[in-house]
Amino acid sequence: MAAPVKSKVDGAAGAVQNLTIGKAINLALRSAMEADDKVIILGEDVGKLGGVFRITDGLQKDFGEQRVLDTPLAESGIIGTAVGLAVRGFRPVCEIQFEGFIFPGFDQIVSQVAKLHYRTQGRVKVPIVIRVPFGGGIGAVEHHSESPESLFAHVAGLKVVSCSNAVDAYWMTRQAIESDDPVLLFEPKRLYHSGNLRTEVDTTAKPDPLHVSRVVRPGDAATLVAYGPSVKVCLDAATAAQEEGTSLEVIDLRTLSPLDLNPVFESVRRTGRLIAVSEAPSESSLTSEIAMRVQQECFYSLEAPVLRVTGFDTPYPPAKLEEDYLPDLDRVLHTVDRSLAW
Amino acid sequence: MSSPEQWTHPEPGAGPAATAAEPTPEQVIAGLRATTEGGADLTQLLTPEGERVASARFDPYVTDIDAEALRNLYRDMVLVRRADRESNAMQRQGQLGIWVPLLGQEAAQIGSGRALRPSDMAFPSYREHGVAWTRGVDFRELIGIFRCSDHGGWDFQHHGFHPYTIVIGNQVLNATGYAMGQKFEGKVGDDNGEATIVYFGDGATSQGDVHEGFVWSAVYDAPVVFFCQNNQWAISEPTERQSRLPLYQRARGYGFPGIRVDGNDVLACLAVTRWALDECRHGNGPVLIEAFTYRMDAHTTTDDPTRYRLSDELEEWKLKDPIERVRAHLARGGGADQEFFDKIDAEADSFAAELRDFVFNMPDPPPERIFENVYAEPSPVLEAQRREYLSYLEGFAGSEH
Ligand SMILES: Cc1ncc(C[n+]2csc(CCOP(=O)(O)OP(=O)(O)O)c2C)c(N)n1
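Put into structure tokens, the structure is as follows:
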């Protein structure tokens with residue numbers, strides 16, 4: 001049996017900083033690299049440019065070209081070599097430029113990253129982090145706005161998480177790097193630089209574990225569950241509903257695989273109503289799984305069927321139509337009304 | 001198939017046993033993106049100063065290019081550049097979501113595009129607005145992609161111009177398959193044969209799809225011309241981040257010829273592409289062309305090249321401008337006078353103004369477009385989603401939504 005790994009996630013001394021999600025991830029990468037010289041970053045344009053979203057800004061300058069690798073333009077290469085590096089004892093953090101470009105690396109993720117530990121009866125660890133900016137709302141062309149997270153949550157052997165605020169962005173990055181399992185971190189790209197979401201991040205505070213869901217706003221009329229960029233939409237909807245006297249509970253799922261639905265079950269047992277919100281198409285998705293498990297666990301508490309607000313079962317449309325495609329406050333409130341009227 | 005002896009590139013260095021006469025790895029790497037020249041193997045018919053360089057090998061492919069034909073190529077490049085600059089400006093004004101500039105790559109695109117026949121097929125990536133122009137795809141059919149109101153809807157069969165592909169390298173395999181189809185249908189073998197051309201960048205040469213395309217095309221003798229525009233940068237990454245060897249030399253490893261052409265020389269691009277297509281038409285394909293050129297603007301309007309690029313480099317490449325050298329050649333040889341240049345400039349002005357008008361007046365697509373064409377056959381699930389969403393929208397009718 002492998003010796004237990006000493007936690008390196010103890011944070012830098014006494015640091016509270018006011019950060020955007022993007023800056024929080026940058027700080028987490030920096031601290032992880034300082035804490036462990038086996039942590040290396042691989043990706044396209046992550047060096048001088050600091051990544052197309054500037055999340056790795058300044059890291060190559062400070063840690064050198066052997067720890068922040070501008071890789072050839074090949075995702076299968078990025079992920080496949082990360083596997084080899086991990087086998088050699090490194091802790092690679094791969095940056096995929098946009099979620100729509102992860103698919104050339106899909107084979108390596110599914111066939112090697114996810115299965116190597118199982119296949120070798122635990123002899124080979126795969127401590128790889130794959131950072132994936134995802135989701136819409138940035139007015140981009142094709143392949144730059146998708147939500148493919150369910151495809152990865154479906155693959156056994158992978159851990160999948162998604163952050164919705166700067167505190168989680170910091171700690172999830174650190175904890176994912178710390179993890180001996182492969183973790184895909186889905187980052188809400190349209191919120192990276194959102195000034196409104198600047199938060200105090202205490203890098204010494206004890207973080208929530210990586211794989212738990214969390215109630216982010218208590219309420220009793222109905223429960224909203226979301227992750228990543230949709231959490232903000234739900235919180236805004238809850239604020240709007242409150243003005244009309246409806247109190248909505250909002251749960252940030254945080255962990256997409258393994259799913260932690262206990263807070264959701266507890267909540268639904270109180271509110272009797274659940275609306276799952278996600279930008280991804282609905283068919284065979286995380287929201288399908290949530291609905292199924294909630295009906296199984298909370299059948300006698302439900303006052304209405306579990307409802308969903310999701311992207312449509314179409315490819316992501318041209319960005320001029322994304323306001324129609326993406327769950328927004330109005331669609332969430334409309335669905336809450338439907339649930340309450342049941 | 002052509003025999004290896006006919007291939008144009010030198011034997012690659014013999015590894016550890018290389019003799020002193022062979023280039024050092026540093027020199028080889030320098031040859032990947034030398035800023036002043038593309039190396040000894042660069043095919044050029046027009047110097048940056050506009051002097052005609054004779055080429056026993058490629059002159060026969062441009063015997064028909066008289067002053068008038070050259071004026072037409074000049075016009076193509078000026079109009080395309082103007083549309084490109086206008087689109088870049090429209091992005092800055094918020095009329096387009098993004099623009100992918102082609103500044104500096106006009107000769108590579110016009111030269112290669114004008115080498116094609118209507119029966120040929122071109123597979124672009126996302127920067128080939130100049131090739132689109134040569135295929136008769138109106139800028140107005142392209143611009144919706146960048147205004148983010150559609151994904152591109154031209155009739156690809158009619159134009160012989162496949163949809164744009166954004167995922168790096170995907171189209172190389174698609175083109176290879178298309179070319180295999182041309183071969184399987186017996187459309188190659190003589191002067192009337194068909195051919196396919198596929199465009200990709202220097203960065204793309206690292207993708208598995210591109211390697212697989214090389215392997216497949218070689219194995220099936222597919223009539224496909226791989227046209228790599230080496231514009232020196234893949235966003236912030238220079239060519240040496242993708243290769244230790246000049247890209248055209250890679251072809252040998254797959255078993256077909258590779259050639260490097262001055263990508264800022266429209267005449268050379270035309271000649272070399274005609275030659276390569278001709279090889280394909282006659283069943284001697286595939287062929288790799290590396291057009292050695294330079295991306296004079298940002299990767300896209302969201303990119304900031306000041307973070308990684310040297311301004312010296314930019315200044316050097318400005319001296320090799322693809323349009324200026326044709327202009328110098330025409331002016332020097334009496335092929336065109338000031339009146340002609342003024343006329344083309346005026347035409348470019350009105351072309352840009354029309355494009356601008358078109359974009360400013362472009363209607364947004366209706367929401368039902370989201371649900372259209374997902375499948376060729378109707379899907380009951382989508383039909384229900386469409387109905388439900390439209391009736392939801394109707395609920396807002398009359399309100400501010
Ligand atoms: C599979 C994939 N990965 C990443 C990207 C993001 N991306 C878009 S363009 C580009 C650089 C392409 O460089 P190159 O192939 O040299 O073509 P150029 O844009 O210079 O013409 C990258 C990394 C992408 N579109 N597809």
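Sequence lines, in order, name chains B and R.
Quick note: the first sequence uses the UniProt record's numbering, first residue 1, plus one each step.
Quick note: the second sequence uses the UniProt record's numbering, first residue 1, plus one each step.
The C-beta atom is built at its ideal place from N, Cα and C for all residues, glycine as well.
Here the structure is a predicted model, which is why all the values come from computation and not from measurement.
Could you say which of the options lies nearest to residue i if we only look at CA atoms?
i: residue 343 of chain B; options: B:106, B:140, B:214; result: Not covered by the structure: residue 343 of chain B. The range shown for chain B is 1 to 342.
i: residue 169 of chain R; options: R:189, R:352, R:209; result: R:209
i: residue 140 of chain B; options: B:168, B:329, B:99, B:64; result: B:99
i: residue 66 of chain B; options: B:57, B:37, B:52, B:190; result: B:37
i: residue 343 of chain B; options: B:220, B:48, B:298, B:291; result: The structure shown does not extend to residue 343 of chain B, since chain B is modelled only from 1 through 342, so no value can be given for it.
i: residue 108 of chain B; options: B:90, B:152, B:146, B:202; result: B:152
i: residue 97 of chain B; options: B:321, B:204, B:212, B:53; result: B:53
i: residue 291 of chain B; options: B:44, B:17, B:279, B:268; result: B:268
i: residue 75 of chain R; options: R:340, R:85, R:370, R:152; result: R:340
i: residue 150 of chain B; options: B:142, B:311, B:323, B:247; result: B:311
i: residue 93 of chain B; options: B:319, B:101, B:273, B:130; result: B:130
i: residue 212 of chain B; options: B:256, B:194, B:229; result: B:256
i: residue 137 of chain R; options: R:149, R:148, R:153; result: R:153
i: residue 64 of chain B; options: B:42, B:80, B:333; result: B:42
i: residue 168 of chain B; options: B:158, B:207, B:244; result: B:207
i: residue 134 of chain B; options: B:101, B:123, B:86; result: B:101
i: residue 214 of chain B; options: B:228, B:202, B:204; result: B:228
i: residue 55 of chain B; options: B:201, B:24, B:71, B:285; result: B:24
i: residue 315 of chain B; options: B:335, B:123, B:147; result: B:147
i: residue 337 of chain B; options: B:85, B:187, B:244, B:121; result: B:244
i: residue 59 of chain B; options: B:17, B:234, B:73, B:39; result: B:39
i: residue 302 of chain R; options: R:68, R:94, R:131, R:55; result: R:94
i: residue 322 of chain R; options: R:78, R:43, R:142; result: R:78
i: residue 144 of chain B; options: R:155, R:161, R:129, R:165; result: R:165
i: residue 218 of chain R; options: R:392, R:260, R:254; result: R:254
Where DSSP assigns a beta bridge to residue i, which residues make up the other side?
i: residue 262 of chain R; result: R:292
i: residue 70 of chain B; result: B:43
i: residue 159 of chain B; result: B:183
i: residue 233 of chain R; result: R:238
i: residue 311 of chain B; result: B:281
i: residue 94 of chain B; result: B:42, B:130
i: residue 226 of chain B; result: B:252
i: residue 259 of chain B; result: B:256
i: residue 200 of chain B; result: B:18
Go ahead and pull the three-state DSSP assignment for residue i.
i: residue 57 of chain R; result: coil
i: residue 6 of chain R; result: Its pLDDT being 48, under 50, residue 6 of chain R is placed unreliably in this model, and the coordinates cannot settle the point.
i: residue 26 of chain B; result: helix
i: residue 21 of chain R; result: Unreliable placement is indicated for residue 21 of chain R, whose pLDDT of 47 sits below 50; the coordinate value is still reported in the next sentence. Coil at residue 21 of chain R, not helix or strand.
i: residue 15 of chain R; result: Low confidence applies here, because residue 15 of chain R scores a pLDDT of 37, under 50, leaving its location unreliable; read the following figure in that light. Of the three classes helix, strand and coil, the one that applies to residue 15 of chain R here is helix, per DSSP.
i: residue 121 of chain R; result: strand
i: residue 35 of chain R; result: Bear in mind that the predicted position of residue 35 of chain R carries a pLDDT of just 43, short of 50, making it unreliable; the figure below should be weighed with that in mind. Coil at residue 35 of chain R, not helix or strand.
i: residue 199 of chain R; result: strand
i: residue 27 of chain R; result: Summary for residue 27 of chain R: the model assigns pLDDT 49, below 50, so the residue's position carries little reliability; its value from the coordinates is reported in the next sentence. In this structure, residue 27 of chain R counts as helix in the three-state DSSP scheme.
i: residue 17 of chain B; result: strand
i: residue 271 of chain R; result: helix
i: residue 251 of chain R; result: helix
i: residue 134 of chain R; result: helix
i: residue 245 of chain R; result: coil
i: residue 227 of chain R; result: strand
Might you give, ordered along the chain, the residues of its own chain that have their beta carbon closer than 6 angstroms to the beta carbon of residue i, omitting 5 neighbours on each side?
i: residue 231 of chain B; result: 164, 252
i: residue 112 of chain B; result: 83
i: residue 246 of chain B; result: 221
i: residue 331 of chain B; result: 309
i: residue 347 of chain B; result: The first residue shown for chain B is 1 and the last is 342, placing residue 347 of chain B beyond what the model contains.
i: residue 145 of chain R; result: 152
Excluding the 5 residues flanking residue i on each side, which residues of the same chain have their C-beta closer than 7 angstroms to its C-beta?
i: residue 236 of chain B; result: 329
i: residue 61 of chain R; result: 271, 274, 275
i: residue 270 of chain B; result: 220
i: residue 251 of chain R; result: 257, 258, 288
i: residue 469 of chain R; result: Here chain R covers residues 1 to 401 and nothing more, so residue 469 of chain R does not appear.
State yes or no: is the C-beta of residue i nearer than 7 angstroms to some heavy atom of ligand 3?
i: residue 210 of chain R; result: Among the ligands modelled here, namely ligand 1, ligand 3 does not occur.
I'd like the list of long-range same chain contacts for residue i, defined as Cβ closer than 8 angstroms, with 5 residues on each side in sequence excluded.
i: residue 197 of chain B; result: 20, 21, 165, 166, 191, 232
i: residue 302 of chain B; result: 268, 272, 273, 274, 294, 295
i: residue 200 of chain R; result: 125, 168, 169, 171, 172, 210, 226, 227, 228, 229
**Request:** Give me every residue whose Cβ sits closer than 7 angstroms to any heavy atom of ligand 1, in chain order.
**Result:** Chain-ordered, the residues whose CB falls short of 7 angstroms from any heavy atom of ligand 1 come out as B:44, B:45, B:73, B:75, B:97, B:98, B:101, B:104, B:143, R:125, R:127, R:166, R:167, R:168, R:169, R:200, R:201, R:202, R:203, R:204, R:207, R:229, R:231, R:233, R:234, R:235, R:295, R:299.
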